[in-house]
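Enquirer: The structure's right below; bear with me while I get my questions together.
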Amino acid sequence: MKKTLLAVSTVALAFTGCHHTLNVKPIKHTDKGHHKHWNYKENGPAHWKEFSKTCGVGHSQSPINIIPGKTIRMNHSYDLSMHEDVNTMAKVIDNGHSIKVTPEQTGTISLHGETFKLLQFHFHGKSEHTVDGKRYDMVAHMVHQNPKTKQYAVVAVFFKEGAASPILDTIIHNVGKSVKLDPKDLLPKNDTEYFHYVGSLTTPPCTENVQWYLMKKPMTASATQIEYFREFYVDNERPVQELYDRKIESN
Ligand SMILES: [Zn+2]
-19 MKKTLLAVST VALAFTGCHH TLNVKPIKHT DKGHHKHWNY KENGPAHWKE
31 FSKTCGVGHS QSPINIIPGK TIRMNHSYDL SMHEDVNTMA KVIDNGHSIK
81 VTPEQTGTIS LHGETFKLLQ FHFHGKSEHT VDGKRYDMVA HMVHQNPKTK
131 QYAVVAVFFK EGAASPILDT IIHNVGKSVK LDPKDLLPKN DTEYFHYVGS
181 LTTPPCTENV QWYLMKKPMT ASATQIEYFR EFYVDNERPV QELYDRKIES
231 N
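This is how it looks when you write it as structure tokens:
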């Protein structure tokens, strides 16, 4: 069962090249590609409601601005436990929206008694979430899914300019190839401090009920790495969305 679901997701991804559109049905792609497609330009975020209504009407959308002084205490039943340490071959592709990495063998995270598998991770040329209104230089989104409920959980790791990141080097120099890596190398040593809230995928279909965990401790990437990455993508960020009545937790 698990295998079938993953296979369907992979087919959908292969067709659309969208990094977040994991639940697009393959049937949508039988129209010989004449439908228009979302992007960050003429069919940018303001038009995404034409691709998925949720992007326009949802009240739990992502990304958002985090104001650390306005967070509430973490509900510990949603504490994150990560098991990402898997040495594996991974496929690195430029999917038209981002650089996306799909590991062959994947780690898991658990929260609220449920296990989520790492499907893929990808990068944005500036962070999508802001902290006190500030964007980080880059961000990695590690997209997980609960194979039983299909719910998503995304772990975001911010990058600021500093020392070079070995795993980022591995990735940006192997676009279009398969390479050996360990997704755990993306994570800060202190992975127990984060912001948590419930939001959405940040690209169409903007699916809601996504568990977001934003690592407080940023990783570093060198100026050269950031520049190199931005030759692929720099403006692939959705603007911050209204918080509405949601609360952001912090531990
Ligand atoms: Zn993303």
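At position 54 of the sequence shown the residue is numbered 34 (my numbering), and the sequence of numbers has no breaks.
Ideal Cβ positions, reconstructed from N, Cα and C, are used throughout, including at glycine.
No experiment lies behind these values; they were computed from the predicted model shown.
Using the Cα positions of His56 and Val178, report the straight-line distance between them to the nearest angstrom.
Expert: Along the sequence shown, one-based indexing puts residue 56 at 76. Along the sequence shown, one-based indexing puts residue 178 at 198. Spanning the two alpha carbons is a distance of roughly 15 Å.
Enquirer: Taking the C-alpha atoms as reference points, what is the distance between Ile47 and His63?
Expert: Translated into positions along the sequence shown, residue 47 becomes position 67. Translated into positions along the sequence shown, residue 63 becomes position 83. About 28 Å.
Enquirer: Indicate the three-state DSSP secondary structure (helix, strand or coil) for Leu194 in the structure shown.
Expert: Residue 194 sits at position 214 when you count from the first residue of the sequence shown. DSSP places Leu194 in strand when its eight states are reduced to three.
Enquirer: Just to confirm the assignment, what range does the alpha helix (DSSP H) spanning Val214 have?
Expert: Position 234 of the sequence shown, counting from 1, holds the residue named residue 214. No alpha helix (DSSP H) holds Val214; DSSP gives it neither H nor E.
Enquirer: State yes or no: is the C-beta of Val178 nearer than 8 Å to some heavy atom of ligand 1?
Expert: Taking the sequence shown and counting its residues from 1, the one referred to as residue 178 is at position 198. No, the beta carbon of Val178 sits no closer than 8 Å to any heavy atom of ligand 1.
Enquirer: So does the stretch 183 to 199 actually touch the stretch 27 to 44, counting three or more Cβ pairs closer than 8 Å?
Expert: In short, these stretches touch, since the Cβ pair count reaches three.
Enquirer: Counting only the same chain and skipping the five closest in sequence on each side, list residues whose C-beta sits under 6 Å from that of Arg94.
Expert: Numbered from 1 along the sequence shown, position 114 holds the residue referred to as residue 94. According to the sequence displayed, residue 94 carries Glu and not Arg. The answer, listed in chain order, is Asn126.
Enquirer: Only counting the same chain, and skipping five residues up and downstream in sequence, which positions put a Cβ closer than 6 Å to that of Lys235?
Expert: Only positions -19 to 231 of the chain appear in the structure, and residue 235 is not among them; the question remains open.
Enquirer: Indicate whether Ile52 and Ser230 have their beta-carbon atoms separated by less than 9 Å.
Expert: As a first step, residue 52 must be located in the sequence shown, where it is residue number 72. As a first step, residue 230 must be located in the sequence shown, where it is residue number 250. Result yes, Cβ atoms of Ile52 and Ser230 sit closer than 9 Å.
Enquirer: Just checking Thr183 against ligand 1 - is the residue's beta carbon closer than 8 Å to any of the ligand's heavy atoms?
Expert: Position 203 of the sequence shown holds residue 183. Yes, the beta carbon of Thr183 sits closer than 8 Å to at least one heavy atom of ligand 1.
Enquirer: Between Thr82 and Tyr208, what straight-line distance do the alpha-carbon atoms span, to the nearest angstrom?
Expert: Position 102 of the sequence shown holds residue 82. Position 228 of the sequence shown holds residue 208. Rounded to whole angstroms, Thr82 to Tyr208 spans 20 Å at the Cα level.
Enquirer: At the level of alpha carbons, what is the spacing between Gly156 and Asn23?
Expert: As a first step, residue 156 must be located in the sequence shown, where it is residue number 176. As a first step, residue 23 must be located in the sequence shown, where it is residue number 43. Their Cα atoms are separated by approximately 26 Å.
Enquirer: Have a look at Glu222 and Met195 and give me their C-alpha separation to the nearest angstrom.
Expert: Locating residue 222 in the sequence shown gives position 242, where the first residue counts as 1. Locating residue 195 in the sequence shown gives position 215, where the first residue counts as 1. Roughly 21 Å separates the two Cα atoms.
Enquirer: Which whole-angstrom value describes the C-beta separation of Thr182 and Glu108, a residue pair presumed to lie in contact below a C-beta threshold of 8 Å?
Expert: Translated into positions along the sequence shown, residue 182 becomes position 202. Translated into positions along the sequence shown, residue 108 becomes position 128. Correct: roughly 5 Å between the Cβ atoms.
Enquirer: With three or more C-beta pairs closer than 8 Å as the rule, is the stretch 123 to 142 touching the stretch 157 to 164?
Expert: No, the stretch 157 to 164 does not touch the stretch 123 to 142.
Enquirer: Let me check you understand the geometry: is the CB of His109 closer than 8 Å to at least one non-hydrogen atom of ligand 1?
Expert: Position 129 of the sequence shown holds residue 109. Checking the Cβ of His109 against ligand 1 gives no.
Enquirer: Let me check you understand the geometry: is the CB of Ser78 closer than 8 Å to at least one non-hydrogen atom of ligand 1?
Expert: Counting from one through the sequence shown, the residue named residue 78 turns up at place 98. Yes, the Cβ of Ser78 comes within 8 Å of a heavy atom of ligand 1.
Enquirer: Cβ of Tyr213 within 9 Å of Cβ of His77?
Expert: Along the sequence shown, one-based indexing puts residue 213 at 233. Along the sequence shown, one-based indexing puts residue 77 at 97. In contact: Tyr213 and His77 (Cβ atoms closer than 9 Å).
Enquirer: I think His104 touches Val123, with their Cβ atoms under 8 Å apart; what is that distance to the nearest whole Å?
Expert: Within the sequence shown, the letter at position 124 stands for residue 104. Within the sequence shown, the letter at position 143 stands for residue 123. Actually they are not in contact, since the Cβ atoms of His104 and Val123 sit about 12 Å apart, beyond 8 Å.
Enquirer: Threshold first: 3 residues or longer. Then list the beta strand (DSSP E) segments lying entirely within the stretch 96 to 129, N to C.
Expert: The qualifying runs are 118 to 125.
Enquirer: Report the partner residues of Val159 according to the DSSP bridge assignment.
Expert: As a position in the sequence shown, residue 159 is number 179, starting the count at 1. Answer by DSSP bridge pairing, in chain order: Ala70.
Enquirer: Do Lys97 and Thr86 have their beta-carbon atoms positioned less than 9 Å apart in this structure?
Expert: Position 106 of the sequence shown holds residue 86. Position 117 of the sequence shown holds residue 97. A contact, by the Cβ cut-off of 9 Å.
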